[in-house]
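Numbering (this note's numbering), first residue to last: 794 to 1100.
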């Protein structure tokens, strides 16, 4: 038994490993069996069978490869179209991106300008409100002052007090109300300093006149039909007044019948350089006072009275 177990027993048999043989052979005769006709025939049968299976597998693989190549050929036009579409979409995306960035930049610029305009409008409204308030204060205060009338020369002159400290800063002053006659037209003057940004920030004296609503307006002709002369008085007595005329036909809106407390003012923004009032030895400002005269040319003489 020990000899049999240790594979030294000459009668121990083993089974041939060839699937088509499976013959029981004494293990010492296994080499002889492998050369036998029976084993060789079985081996040939195994080789033939395996070869046939390999051919079938090869055929199947070839068929699968042909199917794959056909599918690739079918997908090739689609892939080319997809690639073309992707390239086109990329170009369109880049163009849309550039356009979008440009539009956003324009929107931001427009928003900036809008904000700047809004700020300017607010500042303008505040300035207008302050101006209207000042005018209303003057008009209300003037109710307690005797209204001036034109003299026999159709002229009225108003003094304006201006300290040297005021002349170097922005100022605005109103006259009292004046009328052409007791039942005539009512006016008010305003003088102020102006800085002209288009003329190297040159400072000017500006003179304006406003038509004020009066109790006899329904009896009067409108627009106001006469030329108004405004002049800065020469206090040296030499008659070197600085004169400017306001033509009625060129200022119909400002000289129409007042529908509110007063019309918009009209006048001369750059009436004269402000230096005329602060130069040493000037003849227009004395004892911190300058005079603005108003002449209504009822007779169409074309000039102010001499004097």
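In this text, a Cβ means the ideal position worked out from N, Cα and C, and glycines have one as well.
In the DSSP assignment, residue 1070 falls outside any beta strand (DSSP E) and within the unbroken alpha helix (DSSP H) covering 1068-1071. Under the three-state reduction of DSSP output, residue 1020 falls in the strand class. The secondary-structure analysis by DSSP pairs residue 824 with nothing; it has no beta-bridge partner. Within the DSSP bridge table, the entry for residue 1038 names 1022 as partners.
The C-beta distance from residue 1087 to residue 949 rounds to 5 Å, short enough to fall under 8 Å. Shown here for residue 836: same chain residues with a beta carbon closer than 7 Å to its own, the five before and five after excluded, namely 811 in chain order. Nearest Cα to residue 1058 within the set 870, 916 and 1002: 1002. No residue range can be given for residue 969, since it is assigned to no beta strand (DSSP E) and is classified by DSSP as neither H nor E. Under the 10 Å beta carbon count, residue 895 is surrounded by fewer than 16 other beta carbons and is classified as exposed. A distance of 9 Å or more separates the beta carbons of residue 964 and residue 971. For residue 945, no beta strand (DSSP E) run applies, since DSSP gives it neither H nor E.
Annotation: the continuous beta strand (DSSP E) that includes residue 981 extends over 979-989.
In the three-state reduction of the DSSP assignment, residue 804 falls in the coil class.
For residue 1002, the three-state secondary structure derived from DSSP is strand. A Cβ-Cβ distance of about 7 Å is found for the pair residue 1078 and residue 955, placing them in contact under the 8 Å criterion. In summary, residue 986 is buried, with 16 or more beta-carbon neighbours lying within 10 Å of its beta-carbon over all protein chains present. The C-alpha of residue 1020 is placed about 6 Å away from the C-alpha of residue 1039.
The beta carbon of residue 832 sits closer than 8 Å to those of 809, 811, 814, 816 and 826, all from its chain and outside the five residues before and after it, given in chain order. In this structure, the CA atom of residue 889 is about 12 Å from the CA atom of residue 897. In this structure, residue 1024 sits away from residue 960, with a CB-CB distance that is not shorter than 9 Å. Relative to residue 1062, the option among 1053, 988 and 1030 whose CA is nearest is 988. Going by DSSP, residue 1090 is part of the beta strand (DSSP E) stretching over 1082-1090.
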